[in-house]
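Asks: Whatever position you read off the sequence shown (first residue = 1), add 11 for this note's numbering.
Before I ask anything, let me first share the structure, which is written out below as structure tokens.
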Amino acid sequence: MKTATPRVYRNYYRQRTANQWHKIQAEVGDPGAIRPFLAGNWKMNMIPLSGVALAARIFDSCRDIKDVDIGLGPPYTGLSTLADYIKPDFLRTEYGIGRNVFLLAQDTFFESKGAFTGEISPEMLASIGVDRVIVGHSDRRANLGKYFGFWSSVSRRLSKSFLTHELDHLKSKKGADIQVLKALEHLTAEGNQDVLEGIAKFLEEELKERAGESDEAIQRKVQASLSKGLQVILCCGENREARDMHETFTLLDRQLRMGLEGVSQRTAAEVIIAYEPIWAIGEGAQAAGLEQITEVHDFIRNLIMDMYGEQTASSIRILYGGNVKPDNIVDIMNIAGVDGALVGGASIKAEDFSQIIKFGLIASA
Ligand code: 13P
Numbered sequence: 012m013k014t015a016t017p018r019v020y021r022n023y024y025r026q027r028t029a030n031q032w033h034k035i036q037a038e039v040g041d042p043g044a045i046r047p048f049l050a051g052n053w054k055m056n057m058i059p060l061s062g063v064a065l066a067a068r069i070f071d072s073c074r075d076i077k078d079v080d081i082g083l084g085p086p087y088t089g090l091s092t093l094a095d096y097i098k099p100d101f102l103r104t105e106y107g108i109g110r111n112v113f114l115l116a117q118d119t120f121f122e123s124k125g126a127f128t129g130e131i132s133p134e135m136l137a138s139i140g141v142d143r144v145i146v147g148h149s150d151r152r153a154n155l156g157k158y159f160g161f162w163s164s165v166s167r168r169l170s171k172s173f174l175t176h177e178l179d180h181l182k183s184k185k186g187a188d189i190q191v192l193k194a195l196e197h198l199t200a201e202g203n204q205d206v207l208e209g210i211a212k213f214l215e216e217e218l219k220e221r222a223g224e225s226d227e228a229i230q231r232k233v234q235a236s237l238s239k240g241l242q243v244i245l246c247c248g249e250n251r252e253a254r255d256m257h258e259t260f261t262l263l264d265r266q267l268r269m270g271l272e273g274v275s276q277r278t279a280a281e282v283i284i285a286y287e288p289i290w291a292i293g294e295g296a297q298a299a300g301l302e303q304i305t306e307v308h309d310f311i312r313n314l315i316m317d318m319y320g321e322q323t324a325s326s327i328r329i330l331y332g333g334n335v336k337p338d339n340i341v342d343i344m345n346i347a348g349v350d351g352a353l354v355g356g357a358s359i360k361a362e363d364f365s366q367i368i369k370f371g372l373i374a375s376a
């Protein structure tokens with residue numbers, strides 16, 4: 012029986028011809044070779060000791076794997092304990108793994124310190140050994156609105172009494188915006204009560220569905236993290252509605268241009284992009300189709316080429332996320348523009364995540 016060798020991962024250069032990107036086989040260690048990156052986002056799961064136990068099981072299954080980058084992303088509370096466990100010397104002697112294990116934080120704030128109760132700064136993350144930070148995950152961009160209650164004061168603010176009060180206040184001030192005054196006068200006029208209530212309901216629903224981190228906040232997080240030496244995994248992705256309305260590319264263009272604004276070409280080398288279509292994430296959803304992934308990854312790489320030139324475009328890593336599992340990882344990694352995966356549910360199952368890390372072995376089996 013043929014024994015599988017762990018060194019089957021493709022390290023590759025990428026070459027562009029006629030608007031298509033191709034992976035080119037390259038020897039391990041070749042300058043410019045791109046290493047696949049399999050990253051686990053544990054989301055809000057695992058107490059610290061369970062996280063270490065999970066990591067130990069993953070490493071045990073992935074002995075001698077050196078040719079891919081592995082990312083483990085526990086919640087904030089698990090970072091320190093895991094940082095102590097994944098020291099390179101220990102991993103080398105115990106599991107034959109090299110310096111290819113990276114500790115990921117799931118988020119950060121953009122200020123260094125101060126009165127920001129509950130937030131964690133990039134400096135704090137760097138000080139405990141975090142290597143990379145996920146920024147702009149859709150759980151934070153869009154899905155938190157329903158929990159954070161941004162909508163809760165909309166009805167009160169769109170009531171006739173509140174708006175009349177605001178109108179009187181604005182009228183008494185110099186330099187109030189004429190357009191705002193006119194709109195308030197219109198909305199508070201007799202007979203417009205129904206319209207106000209309708210707008211309030213509409214906005215409440217919108218905010219529940221969508222309110223979350225803004226592109227501006229994400230941009231500041233990207234810049235703050237990079238300036239403190241953390242590498243950034245910048246997430247982007249459209250929801251079902253944007254896809255149905257053929258707005259995917261417009262939306263991704265905005266998310267990425269805004270997210271990367273102010274990031275120089277040199278610093279862009281410290282950025283990894285993760286494309287995670289929201290409709291493909293989580294239990295009950297299905298991974299995006301191979302053609303859909305191909306098309307979007309090509310779009311993103313061309314966008315990066317437009318922003319930073321060919322060299323950056325051919326070396327930046329673009330991960331796919333959304334129901335990546337052992338049974339689809341090989342097909343996904345075979346796509347020319349895919350350089351790795353950001354994995355949610357399957358990353359907290361030792362057996363599944365190990366298989367994902369060893370996709371090269373599955374491919375050659
Ligand atoms: P799933 O793999 O559970 O779909 O989650 C993807 C994700 O959001 C990773 O960041």
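Backbone N, C-alpha and C define an ideal beta-carbon position, used for all residues, glycine too.
All figures in this text were calculated on a predicted structure; none of them were measured in a lab.
#1: Restricting to runs no shorter than 3 residues, where is the beta strand (DSSP E) found entirely within the region 257-316?
#2: Can you list, in chain order, the residues of its chain with a C-beta nearer than 7 Å to that of Glu-294? Leave out the 5 residues immediately preceding and following it.
#3: By how many angstroms is the C-alpha of Ile-292 removed from the C-alpha of Gly-333?
#4: When you compare each of Ser-132, Leu-214, Ala-200, Glu-224 to Ser-166 by their alpha carbons, which one comes out closest?
#5: For a test of the three-state rule: what should DSSP assign to Thr-28, helix, strand or coil?
#6: Tell me, which residues are paired with Gly-82 by DSSP?
#7: Whole alpha helix (DSSP H) runs in the region 198-234 with 4 or more residues, listed along the chain?
#8: Going by DSSP, what residue range makes up the alpha helix (DSSP H) through Leu-93?
#9: What three-state label does DSSP hand Gly-320 in the structure shown?
#10: Sorry if obvious, but does the Cβ on Gly-270 come closer than 7 Å to a heavy atom of ligand 1?
#11: Reducing DSSP to helix, strand and coil, say where Gly-332 ends up.
#12: By DSSP, does Arg-143 sit in helix, in strand, or in coil?
#13: In its own chain, which residues sit with a C-beta less than 8 Å from the C-beta of His-254, not counting the 5 before and 5 after it?
#14: Kindly indicate which three-state DSSP category Leu-353 falls into: helix, strand or coil?
#15: Which runs of the alpha helix (DSSP H), 4 residues or longer, sit entirely within the region 142-172?
#16: Taking Glu-220 as the reference, which of Trp-162, Asp-317, Val-141 has the closest Cα?
#17: Do the CB positions of Ala-126 and Lys-239 come within less than 8 Å of each other?
#18: Does the structure place the region 135-152 close enough to the region 183-198 that three or more beta carbon pairs sit under 8 Å?
#19: Determine the direct distance from the alpha carbon of Ala-285 to that of Tyr-96, and round the result to whole angstroms.
#20: Rounded C-beta distance between Leu-301 and Asp-342? I'm assuming under 8 Å.
#21: Does DSSP put Ile-244 in a helix, in a strand, or in coil?
#22: Work out the CA separation of Asp-71 and Tyr-106 for me, nearest whole Å.
#23: Between Ile-244, Gln-36, Gly-51, which lies nearest to Glu-362 when the distance is taken from Cα to Cα?
#24: Evaluate the contact criterion for the region 106-122 versus the region 173-192: three or more CB pairs, one atom per stretch, below 8 Å.
#25: Among residues of its own chain, excluding the 5 on either side of Trp-32, which ones have a beta-carbon nearer than 7 Å to its beta-carbon?
#26: Figure out for me which residue from Ile-108, Arg-143, Lys-54, Leu-114 has the closest Cα to the Cα of Ile-244.
#27: Check the DSSP bridge columns for Lys-34 and list the partner residues they point to.
#28: Nearer than 7 Å: is that true of the beta carbon of Ala-357 relative to any heavy atom of ligand 1?
#29: Per DSSP, what kind of secondary structure is Ile-340 in: helix, strand or coil?
#30: Where Ser-275 and Ile-145 are concerned, what is the direct C-alpha to C-alpha distance, given to the nearest angstrom?
#31: My assumption, with CB atoms under 8 Å, is that Arg-27 sits in contact with Asp-80. Please give the rounded CB distance.
#32: Quick one: give me the first and last residue of the alpha helix (DSSP H) that Ser-132 is part of.
#33: Leaving out the 5 sequence neighbours to the left and right, which residues in its chain are closer than 6 Å to Ala-279 when beta-carbon positions are compared?
#34: Please work out which residues of its chain come closer than 7 Å, Cβ to Cβ, to Glu-130, disregarding the five sequence neighbours upstream and downstream, and give them in chain order.
#35: Going along the chain, which residues of its own chain have a beta-carbon closer than 6 Å to the beta-carbon of Pro-17, five neighbours each way excluded?
#36: Could you tell me whether any non-hydrogen atom of ligand 1 is closer than 7 Å to the CB of Glu-362?
Replies: Short version:
#1: Qualifying beta strand (DSSP E) stretches, in chain order: 282-286.
#2: The beta carbon of Glu-294 is closer than 7 Å to those of Gly-356 in its chain, skipping five residues each way along the sequence.
#3: If you take the alpha carbons of Gly-333 and Ile-292, they lie about 4 Å apart.
#4: That would be Leu-214, whose Cα lies nearest to the Cα of Ser-166.
#5: In the structure shown, Thr-28 sits in a strand (DSSP, three-state: E or B).
#6: Answer by DSSP bridge pairing, in chain order: Ala-50, Phe-113.
#7: Counting whole runs of 4 or more residues, the region 198-234 contains the alpha helix (DSSP H) stretches 204-221.
#8: That run of the alpha helix (DSSP H) goes 87-96.
#9: Looking at Gly-320 - three-state DSSP - the assignment turns out to be coil, as it is neither helix nor strand.
#10: Answer for Gly-270: no, Cβ out of range of ligand 1.
#11: Gly-332 falls in the strand class under three-state DSSP.
#12: Look at Arg-143 here: in three-state DSSP terms it is strand.
#13: A small correction: the amino acid at residue 254 is Arg; His does not occupy that position in the sequence shown. The beta carbon of Arg-254 sits closer than 8 Å to the beta carbons of Pro-288, Trp-290 from its chain, once the five residues preceding and following it are set aside; these are given in chain order.
#14: In the three-state reduction of the DSSP assignment, Leu-353 falls in the strand class.
#15: As summarised for the region 142-172, the continuous alpha helix (DSSP H) elements at least 4 residues long and confined to that stretch are 149-152, 156-159, 165-168, given in chain order.
#16: Of Trp-162, Asp-317, Val-141, the residue nearest in Cα terms is Trp-162.
#17: No.
#18: Counting Cβ pairs under 8 Å, fewer than three are found: no touch.
#19: Take the alpha-carbon of Tyr-96 and the one of Ala-285: they are about 26 Å apart.
#20: Confirmed, Cβ separation roughly 6 Å.
#21: In the displayed model, Ile-244 falls within a strand according to three-state DSSP.
#22: Spanning the two alpha carbons is a distance of roughly 6 Å.
#23: When C-alpha distances from Glu-362 are compared across Ile-244, Gln-36, Gly-51, the shortest belongs to Gly-51.
#24: Too few Cβ pairs lie closer than 8 Å, so no.
#25: Its chain contains Arg-25, Asp-309, Arg-312, Ala-347, Gly-348 as the residues whose beta carbon lies nearer than 7 Å to that of Trp-32, once the 5 sequence neighbours on both sides are disregarded; these appear in chain order.
#26: The shortest C-alpha separation from Ile-244 is found at Arg-143.
#27: As a beta-bridge residue in DSSP terms, Lys-34 pairs with Arg-25.
#28: Flag set: Cβ of Ala-357 near ligand 1.
#29: Helix, per DSSP.
#30: If I take the Cα positions, the gap works out to 19 Å.
#31: Between Asp-80 and Arg-27 the Cβ distance is about 23 Å, and since that is not below 8 Å, they are no contact.
#32: It is not in any alpha helix (DSSP H) - Ser-132 carries neither H nor E in the DSSP assignment.
#33: Short of 6 Å from the beta carbon of Ala-279, and not among the five residues preceding or following it, lie these beta carbons of its own chain, in chain order: Tyr-319, Thr-323.
#34: Phe-120.
#35: Caution is warranted here: a pLDDT of 47 is assigned to Pro-17, below 50, making its placement in the model unreliable, and the coordinate value is therefore given only provisionally. The beta carbon of Pro-17 lies closer than 6 Å to those of Asp-75, Ile-76 in the same chain, with the five residues before and after it left out.
#36: Distances between the C-beta of Glu-362 and the heavy atoms of ligand 1 are all 7 Å or more.
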